[in-house]
Every structure is written in C-alpha cells, then in structure tokens.
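Below: the structure, in structure tokens.
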Amino acid sequence: MLKRTFVHLPGVGFRTEAHFWRQGLVTWEDFLVVEGVSGLGSARLRWLQAELQQSLVHLDEPGYFAPRLPVGEYWRAFRHFRAKAAYLDIETSGASWPHLLVTVVGLYDGRAMRQFVQGHNLEEFPEALEDVDLIVTFNGSQFDLPVLKAYFPHLRLPPLHLDLRFLLTRLGFKGGLKRIEPRFGIRRPPAVEHLDGYDAVLLWERYQRGDRTALDLLLEYNREDVANLETLMEQAFEMCQGLLVGGGPGDKLSAFNSQLSAIKKKRLKLTAES
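Set out below in structure tokens:
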C-alpha cells in the first residue's frame, strides 16, 4: 500500500491521488515512467517524479515517511514496515502524574512477547525499542506513549505510531479495547476475560502485599492487551485498504482469514510458553 501512496508528496492531497489512480497510475513505478498526466503541467510532473525517486531511495526508512505522511494515513506503511513493527500496552498504578507508577510494559513483535515489570526489569524497556520502526497501540497517543516519555525522558520512540483507537473509530468501531475485541472474534481466556484497567491496578496492589499469583494474572491480562492488537491491526489494515482502493473490505476477507489463522497459532504458542 505504501507504494500506491501519493499523499506524502508536497501539494498532493487525497483528490489528486485519486485522480492519479483513475488514470491508471496506481504505483510509484507507473508514475515514474508516464510522459504526461491530465491536469498536471510537465514541470510539475517532472518535479513530482523526482520526489518519488527520493521515496524509492528512502523506501526502508520510516523516519523519511513519518513527517511526510498525514498521521491518519500511517496505516498505509504498516505492511512495508511490519517486519520491524511492535505492539505495546502499559499498566500503571492508577495514580495521577507525577505520582503515577508504570507497573508493566508489554511489547510484542509478532514473534516474541516481552514484559517489563517495575522492580524487576523495567529499566531494560528503552533498549527493546531501539530496533522498532513502527509501534501499534490502542489509545497510546493519549496515554501509553506520553506516560512512557515522561517516565523515561530519553526514550527514543519509533518514527511511526499507529493508534488503533482512532483508526478503528474511522471504520465505525467505537469504544474501548475490550468492547471492540468481540466484534473481531477475539475472546480472552476465562481468567482475564472480565478484567479491566481498574482490576489491573488492584492486582498490582495485591502483588505489592505479597500475592505472587496477582502478578501472574496481571501479566496474563497485559499479554492479552498487547497480543490482541496484532489481530486488530491486521483487519483494520485490510478494511482501510479495501475501502480506499475499491471493492470494500469484504474483498480482503479471504486473505485476512488466512492471516488470522496464523495469528491464532502464534497466540496458542505464546499461551503455552507463558
């Protein structure tokens, strides 16, 4: 999808991008070899072609596209940078900043789950982000990332951040993560099925009083928060792509079902290893 995108070019908006597509210029390669474009002067065309050449040069650099793409269109870069994407969710003490305590940070790269716990290994979290190009959260722009930046003042966040709360809202899925998950066929294990953020605060307090099982349950809750973001991101991408390029999200269902099957297998492996 990234190489079908033109709205990262200076002066190119959604209507102009759609105009290019209607003329059969659906990829960067199509645009680079065309001799003329309806409604576009030759000088402007050559200039845009030069800009696209730079996009190809920097194709694997998320930092190049982050300031050029509209934030609401970051989803287009998901598949291209997926190999170095990660899903993130945090748990906190529930107090207000500056007294708020980060208790758990969960980070999943689609292969391995890592959890960083206050008093154990939380200080290792910033290093774990160093090789991440794209981060996926749910409401992370409003909570998780500002909290982490305040907690770790020198934290280097990935160039691209996809906040599923707002992407899913655009697709008609409103509400919190726990409310949205069942609409995508996600069901949590019975032990954490009915827990919410307030329960996570209480579990940490129980752990602080010496209940080790409370920490285990908190980590399982956080693991679900994080791993479920992969399923949601995959389907949100397919729906957005289907709506943008035509045919509607249903055209992508078969491909998504195949991906969902692979995701479920990974989830079973994660559960078995935890």
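Position 49 of the sequence shown, counted from 1, bears residue number 49 in our numbering, the numbering being contiguous throughout.
Cβ atoms here follow ideal geometry from the backbone N, Cα and C, with glycine treated the same way.
Within 8 Å, strictly: CB atoms of residue i and residue j
i           : j           : result
residue 9   : residue 35  : no
residue 38  : residue 23  : yes
residue 56  : residue 28  : yes
residue 221 : residue 192 : yes
residue 110 : residue 230 : yes
residue 105 : residue 122 : yes
residue 44  : residue 26  : no
residue 226 : residue 87  : yes
residue 84  : residue 133 : yes
residue 31  : residue 49  : yes
residue 128 : residue 157 : no
residue 100 : residue 118 : no
residue 79  : residue 237 : yes
residue 66  : residue 160 : yes
residue 171 : residue 113 : no
residue 208 : residue 1   : no
residue 126 : residue 155 : yes
residue 98  : residue 81  : no
For residue i, the residue or residues it bridges with in DSSP
i           : result
residue 91  : 104
residue 113 : 108
residue 37  : 40
residue 27  : Beta-bridge pairing links residue 27 to no other residue.
residue 48  : Looking at the DSSP assignment, residue 48 forms no beta bridge with any residue, so it has no partner.
residue 161 : 135
residue 85  : 134
Enclosing alpha helix (DSSP H) for residue i [first to last residue]
i           : result
residue 147 : 144 to 151
residue 167 : 164 to 170
residue 19  : 14 to 22
residue 126 : 125 to 128
residue 68  : That residue, residue 68, is in no alpha helix (DSSP H); it is neither H nor E in DSSP.
residue 179 : 177 to 180
The ligand SAM heavy atom lying under 7 Å from the CB of residue i
i          : result
residue 35 : In terms of ligand content, the structure shown is empty, and the ligand SAM therefore cannot be addressed.
task = Inspect the CB distances between the stretch 157 to 164 and the stretch 127 to 142 and report whether three or more fall short of 8 Å.
result = Taking a contact to require three or more Cβ pairs closer than 8 Å, the stretch 157 to 164 and the stretch 127 to 142 qualify as touching.
inquiry  = Restricting to runs no shorter than 3 residues, where is the beta strand (DSSP E) found entirely within the stretch 187 to 231?
reply    = Whole beta strand (DSSP E) segments, 3+ residues: zero.
inquiry  = When you compare the stretch 173 to 193 with the stretch 204 to 213, are there three or more beta-carbon pairs, one atom per stretch, that lie closer than 8 Å?
reply    = no
query = Is the stretch 11 to 22 touching the stretch 88 to 97, taking contact as three or more C-beta pairs under 8 Å?
reply = no
request  = Determine, using beta-carbon pairs with one atom in the stretch 70 to 82 and one in the stretch 233 to 245, whether at least three such pairs fall under 8 Å.
outcome  = yes
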